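Residues in the sequence shown are numbered from 821 upward in steps of one, following our numbering.
For reference, the structure discussed in these notes is given below.
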Amino acid sequence: MKLRLINILTVASAVSFLFAACNKDVEKMNTASSQGTNKHKRISSQKALKSGPGVHETALNKSALQPFLEKHCISCHGEKKQKGSTRFDHLDYVVSDSFEAFDYQDILDVLNTGDMPPEEEPQPEKEELEVVIKELTEGLFTAGKNLTSRGGKVTMRRLTRREYAATIRDIFGLEPEAKQIPVDEGVQNFDTVGVRQDFNSKHIDHYYDLAREVLKTSFKLAGKKEAFAVVENQPEERTNGHVQKFLDLHAHKPKGSGKVYRLSRDREAYVSLPKYKTGVYLAQPIRHLSYGFKIDPRAKYKISVKSGVYGQVAAFRRYVRLQEGRSENLLGVIRVNGTEDQPTESTIEITPKTLRDRIGGYVAEDRSGAWLSHYLSFIERYEGVDAKKEGLIWIDSFKCEGPYYPAERSFFDQLLCPEEPTPEKPSSMVWNDENVNELLEKFTYEAFRHKEPSEDFLLGLNEFHKNQRALGLSFEEALIDTLAVVLSSPSFLFLNEDNQKEISNKDKAIRMSYFLTSSPPDKQLYSKFHQGSVSELAQRAEVDRLLAKTDYRDFSEGFASQWADFTRFDNITVNSKKYPTFNMGLRYSMKQEVINYFQEMLRRNSPIATLIKSDFITINAQLATLYGIPNMTSNEFISVPLPKNSPRGGFLSQGVFLLSGSNGERSSPTIRGMMLLNRFMNKEVPPPPPNVPELGAESDEVLTTRKLVELHQSQVQCASCHRDMDNMGLAIENFDVIGRWRETERVSRDEIPIKVAGSFADGKTFESYSEFTKHLVGYEEKLARNMIESLLVYSLGRDIEFTDMSHIDEIISKTKEQNFRIKDMIYAVIESPLFIKN
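Written as structure tokens, this is what we have:
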């Protein structure tokens, strides 16, 4: 009861201290926000004084809209008559506030629904109506962005989930599970955009509790190292006992056709397999095997699986996945290269993301369905496999070796216990009540990213620690509570830059480090920028060094995963009966392909057109099986050269893009085309009007995808946007839902040849996917502009605005001569005046 009371008082006191000590930071956030809002109001209210469109105003295409409205609308909604109390004769075709936007939105809505003009009135020509709907849709979409413009102001933003995890690892050498960290809500394009982040008192409580858990674990491990060990598990020791126990329990029961009989029959078949006593078959009664090892969460480990195949299995069945706990998070996917008689060992290196001293999970064949027999029936039906001839995967053993500690201990470990520890001799903590002030100051300086905490803040921390000690807590317990206050304060949780027109050198180092590595600057970067102005050459050297620290992995995981829209990809549910070869492991491999491809582009400093078409792909054995690439057995992602006639190469032929451009049942030219317009043509597509039916809903017939698209385009409200989208999406129809190449499309019971023919908006035609990609390379500047804008949004934490365009044009000019190389773009973004603007 006493301990519980102390905990309640601790949390209450900590939260109270946080609100008091950090009030200035919160006021700064609110002031910045209100200034932006007031500025917006002033601009809107002064519209009448201006002669042309202002910063927040959007000029619509008057020459296209005014004749249409005068011809079809003004007679009922003009000076003499105002049906529905609405008149359009006063419109100036400039949107300057939300009220004017609503006027034009009303017009668009009735045109989309076909309610206007009324049936008894003359009707516009289809082409005429298409143009008006298109102009209104695109104009209002642009107006919506302009009305929310903040004049290039960077909003103070909170650390994202991945940035928080990386920052905690930078300080403590370990990180919590992602599910323990507050969710990034409101993400639309990149998680770094500050204006879409939320923060309230619940977040403070959450971060404070999480910080205490991080600190408890870190104190427990401080000054200690584990001895290197190799631990091997024999899974049959546990599994076979369960199988035999079931058979013994039900041996006396009569044979029949019930559930117990079926389960008994499966287990009797299992114990008749030749090597069930020395390993485990992933057969009907055993879908997965559990594993578990003791670890130090600050170190890396190597986990190995020794396995082989019993009999013959289809190529796509040679893969097992290592799941982390009971979640869908995977540690990796392994190809089973050996046989039952000659098993092979495959190894995965992992960096634990946990505060616990143990990792565990499951090893399973990468397939869907609980019952192997059901899965085999699906692959027989859809993949042409003879289910009766399919063998099994056999697991011999698991092995874990480690720990592999980093070359340098974490900041926190060195702070608490300066002497280097060994497994035989731990290092002692050198702090106590007498010198705790020094500890608090050093820790806070590091946590606040080398910004001096205020004297009031440090005095408050010291007082808080004394109060905790007075409550009866030990020195360590009181210190945990006190340091948790630091880790839940705005100066740690927010990238709190100086409120100047241009950020300081130190803030530039911080912005650069989080851009490239998602974590705080290291000692060298702090030192380099602390010295004063940094030359362009020296700055580029630092960019190269930061990117190469993890072989471009940190940047690719943070940026490429969002540019490729993993969120949409993860939300697509694939029909596991129709596509039984697609499973959890394949989804994992597809995402890793994108990350590794970006890494390879950065290593080579490849031109941006490499995202359209390349002479290489970066895959593992599982994706090689899916894509039909022969002679590939590696579990590692490696760069593989492609023959000249291969349709592979570039982002467009990767599983993430292709599956994202589907509904999980069939490919969608509309979605694929929208994604192409958005990323590769740098054209944002407005959301569809309400009540538009799904592709295929207009017909009761079973039609080809091209026929369904043509039917969809026959609707006027769809045609204006869909013509460009669908033409581009149809160019990629040779790839099915999960990314396999195909020449025909299954329609009912027939295989219909796929026709890839269409044109770009400027009239360029294509007759095949290869012709399409050749023409698309000609628009590489649009892709380059999208990439540059994306890099700016990701690095600055704000959306692109009209006032940025001249600087973006400069970056385009600067990088065009070398064919828009990806690393050159990163250099140019950091060297741009936009990067230091606040």
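A virtual CB, placed ideally from N, CA and C, is assigned to each residue, including glycine.
Values in this document were obtained by computation on a predicted structure and should not be read as measured data.
Notebook entry, point to check: In the DSSP assignment, what are the bridge partners of residue 1667?
Noted result: Residue numbering for the chain in the displayed model covers 821 to 1658; residue 1667 lies beyond these limits and cannot be assessed.
Notebook entry, point to check: Going by other Cβ atoms of all chains shown within 10 Å of its Cβ, with 16 needed for buried, is residue 1495 buried or exposed?
Noted result: For the purposes of this step, residue 1495 is taken as residue 675 along the sequence shown, with counting starting at 1. Taking every protein chain shown into account, the CB of residue 1495 has 16 or more other CB atoms within 10 angstroms, so this residue is buried.
Margin query: Quick test of your reading: residue 952 and residue 885, contact by CB under 8 Å. State the CB separation rounded to the nearest angstrom.
Written below: The residue you call residue 952 lines up with position 132 of the sequence shown. The residue you call residue 885 lines up with position 65 of the sequence shown. Taking 8 Å as the upper bound for CB-CB distance, residue 952 and residue 885 are in contact here, some 6 Å apart.
Check: For the putative contact between residue 1484 and residue 1557, defined by C-beta atoms under 8 Å, what is the C-beta separation to the nearest angstrom?
Finding: As a first step, residue 1484 is located in the sequence shown; it is residue number 664 there, counting from the start. As a first step, residue 1557 is located in the sequence shown; it is residue number 737 there, counting from the start. The C-beta distance from residue 1484 to residue 1557 rounds to 7 Å, short enough to fall under 8 Å.
Next item on the list: Could you have a look at residue 880 and say whether DSSP puts it in helix, strand or coil?
Entry: Here residue 880 refers to the residue found at position 60 when the sequence shown is read from its first residue. In this structure, residue 880 counts as coil in the three-state DSSP scheme.
Next item on the list: Report back the beta-carbon spacing between residue 1187 and residue 1195 to the nearest angstrom; my notes put them in contact at under 8 Å.
Entry: Here residue 1187 is taken as the residue at index 367 of the sequence shown, counted from 1. Here residue 1195 is taken as the residue at index 375 of the sequence shown, counted from 1. About 5 Å separates the two Cβ atoms, so the contact holds.
Next item on the list: Report all residues from its chain with a CB closer than 6 Å to the CB of residue 1015; omit the five preceding and five following residues, and keep chain order.
Entry: As a first step, residue 1015 is located in the sequence shown; it is residue number 195 there, counting from the start. Within the same chain, Cβ atoms closer than 6 Å to the Cβ of residue 1015 are found at 975, the five residues on either side in sequence being excluded.
Check: DSSP three-state call for residue 1093: helix, strand or coil?
Finding: As a working note, residue 1093 is residue 273 in the sequence shown. Under the three-state reduction of DSSP, residue 1093 is assigned to coil, being neither helix nor strand.
Note to self: Comparing C-alpha positions only, which one of 1444, 1606 and 1578 sits nearest to residue 1631?
What the structure shows: If you number the sequence shown from 1, residue 1631 lands on position 811. If we check each option's Cα against that of residue 1631, 1606 comes out closest.
Item checked: residue 1143 - DSSP class collapsed to helix/strand/coil -> In the sequence shown, the residue the question calls residue 1143 occupies position 323. Correct three-state label for residue 1143: strand.
Next item on the list: Can you give me the Cβ contacts of residue 1452 inside the same chain, cut-off strictly under 6 Å, excluding the 5 residues immediately before and after it?
Entry: Taking the sequence shown and counting its residues from 1, the one referred to as residue 1452 is at position 632. Contacts found: 1441 and 1444.
Margin query: Using a Cβ-Cβ cutoff of less than 8 Å, which residues in the same chain neighbour residue 1032 once the five nearest sequence positions on both sides are dropped?
Written below: Here residue 1032 refers to the residue found at position 212 of the sequence shown. Residues of the same chain with a CB within less than 8 Å of the CB of residue 1032, apart from the 5 flanking positions on each side, are 1300, 1301 and 1304 in chain order.
Next item on the list: Pick helix, strand or coil for residue 1491, following the three-state DSSP scheme.
Entry: Taking the sequence shown and counting its residues from 1, the one referred to as residue 1491 is at position 671. Helix, per DSSP.
Check: Which of the three DSSP states, helix, strand or coil, is assigned to residue 1016?
Finding: As a first step, residue 1016 must be located in the sequence shown, where it is residue number 196. It is helical.
Check: Could you give the distance in angstroms between the alpha-carbon of residue 989 and the alpha-carbon of residue 1625?
Finding: Position 169 of the sequence shown, counting from 1, holds the residue named residue 989. Position 805 of the sequence shown, counting from 1, holds the residue named residue 1625. Roughly 37 Å between the two C-alpha positions.
Notebook entry, point to check: So, is the C-beta of residue 1420 closer than 8 Å to a C-beta in chain D?
Noted result: Given the protein chain composition of this structure (a single chain), no chain D is represented.
Item checked: Nearest candidate by alpha-carbon position, reference residue 1436, set 1467, 1410, 1412 and 1456 -> Sequence index remark: in the sequence shown, residue 1436 carries index 616 (1-based). Among 1467, 1410, 1412 and 1456, the Cα nearest to that of residue 1436 is on 1467.
Check: What is the rounded straight-line gap between the Cα of residue 1317 and the Cα of residue 1258?
Finding: The residue you call residue 1317 lines up with position 497 of the sequence shown. The residue you call residue 1258 lines up with position 438 of the sequence shown. Spanning the two alpha carbons is a distance of roughly 25 Å.
Notebook entry, point to check: Does DSSP classify residue 1200 as helix, strand or coil?
Noted result: On the sequence shown, position 380 is the one that residue 1200 refers to. In the structure shown, residue 1200 falls within a helical segment according to DSSP collapsed to helix, strand and coil.
Check: Using 8 Å as the threshold, is the stretch 1579–1595 in touch with the stretch 936–948, meaning 3 or more CB pairs across them?
Finding: With the rule of 3 Cβ pairs closer than 8 Å, the stretch 1579–1595 does not count as touching the stretch 936–948.
Next item on the list: Note down, in chain order, each residue of its chain lying with its Cβ closer than 7 Å to the Cβ of residue 1193, except the 5 sequence neighbours on either side.
Entry: Here residue 1193 corresponds to residue number 373 of the sequence shown, with the count starting at 1. Its chain contains 1104 as the residues whose beta carbon lies nearer than 7 Å to that of residue 1193, once the 5 sequence neighbours on both sides are disregarded; these appear in chain order.
Note to self: Tell me the DSSP secondary structure of residue 1270 in three-state form.
What the structure shows: Locating residue 1270 in the sequence shown gives position 450, where the first residue counts as 1. Coil.
Notebook entry, point to check: Are residue 993 and residue 1339 touching if we call contact CB-CB under 8 Å?
Noted result: In the sequence shown, residue 993 corresponds to position 173, counting from 1. In the sequence shown, residue 1339 corresponds to position 519, counting from 1. Contact: no.
Notebook entry, point to check: Measuring CB to CB, does residue 1216 end up less than 8 Å from residue 1124?
Noted result: Position 396 of the sequence shown, counted from the start, is the residue given in the question as residue 1216. Position 304 of the sequence shown, counted from the start, is the residue given in the question as residue 1124. Going by beta carbons, residue 1216 and residue 1124 fall outside the 8 Å limit.
Notebook entry, point to check: Between the beta-carbon of residue 908 and the beta-carbon of residue 897, is there less than 8 Å?
Noted result: For the purposes of this step, residue 908 is identified with residue 88 of the sequence shown, where counting begins at 1. For the purposes of this step, residue 897 is identified with residue 77 of the sequence shown, where counting begins at 1. Against a cut-off of 8 Å, the Cβ pair of residue 897 and residue 908 comes out as a contact.
Notebook entry, point to check: How long is the line joining the alpha carbons of residue 1010 and residue 1617, rounded to whole angstroms?
Noted result: Start at 1 with the first residue of the sequence shown, and residue 1010 comes out as number 190. Start at 1 with the first residue of the sequence shown, and residue 1617 comes out as number 797. Our two residues, residue 1010 and residue 1617, have alpha carbons roughly 8 Å apart in a direct line.
Notebook entry, point to check: To the nearest angstrom, how far is it from the Cα of residue 1481 to the Cα of residue 1261?
Noted result: Residue mapping note: residue 1481 aligns to position 661 of the sequence shown, counting from 1. Residue mapping note: residue 1261 aligns to position 441 of the sequence shown, counting from 1. The straight-line gap from Cα to Cα measures roughly 52 Å.
Notebook entry, point to check: Quick one: is residue 960 buried, meaning 16 or more other Cβ sit within 10 Å of its Cβ, or exposed?
Noted result: If you number the sequence shown from 1, residue 960 lands on position 140. Under the 10 Å beta carbon count, residue 960 is surrounded by 16 or more other beta carbons and is classified as buried.
Check: From the DSSP output, which residues share a beta bridge with residue 1181?
Finding: Indexing the sequence shown from 1 puts residue 1181 at position 361. Per DSSP, the beta-bridge partners of residue 1181 are 1111 and 1144.
Check: Under the rule that 16 or more other beta-carbon atoms within 10 Å means buried, what is residue 821, buried or exposed?
Finding: Looking up residue 821 in the sequence shown gives position 1. Unreliable positioning characterises residue 821 in this predicted model, as indicated by a pLDDT of 41, which lies under 50. A coordinate reading is not provided.
Note to self: In whole angstroms, give me the CA-to-CA distance for residue 1392 and residue 1356.
What the structure shows: Looking up residue 1392 in the sequence shown gives position 572. Looking up residue 1356 in the sequence shown gives position 536. Approximately 44 Å, taken between the alpha carbons.
Next item on the list: Kindly give me the distance between the Cβ atoms of residue 1553 and residue 1488, rounded to whole angstroms, as I take these residues to be in contact under 8 Å.
Entry: Stepping through the sequence shown from its first residue, residue 1553 is reached at position 733. Stepping through the sequence shown from its first residue, residue 1488 is reached at position 668. Actually they do not touch by this definition, with Cβ atoms about 10 Å apart.
Margin query: Please classify residue 1224 as buried or exposed, where buried requires at least 16 other C-beta atoms within 10 Å of its C-beta.
Written below: Your numbering for residue 1224 matches position 404 in the sequence shown. Per the 10 Å Cβ criterion, exposed.
Checklist line | Cβ neighbours of residue 1588 in the same chain (closer than 7 Å, five flanking residues each side left out) | finding: Position 768 of the sequence shown holds residue 1588. So the list reads 1576, once near-sequence residues are dropped.
Notebook entry, point to check: Using a Cβ-Cβ cut-off of 6 Å (strictly less than) and excluding sequence neighbours within five positions of residue 1002, which residues of its own chain qualify?
Noted result: By one-based count along the sequence shown, residue 1002 stands at place 182. When the five nearest sequence neighbours on each side are left out, the beta carbons in the same chain lying within less than 6 Å of the beta carbon of residue 1002 are those of 1023 and 1026, in order along the chain.
Margin query: Runs of 4 residues minimum, wholly inside the stretch 939–1001: which ones carry the alpha helix (DSSP H) assignment?
Written below: Here the runs fully enclosed are 946–967 and 981–992.
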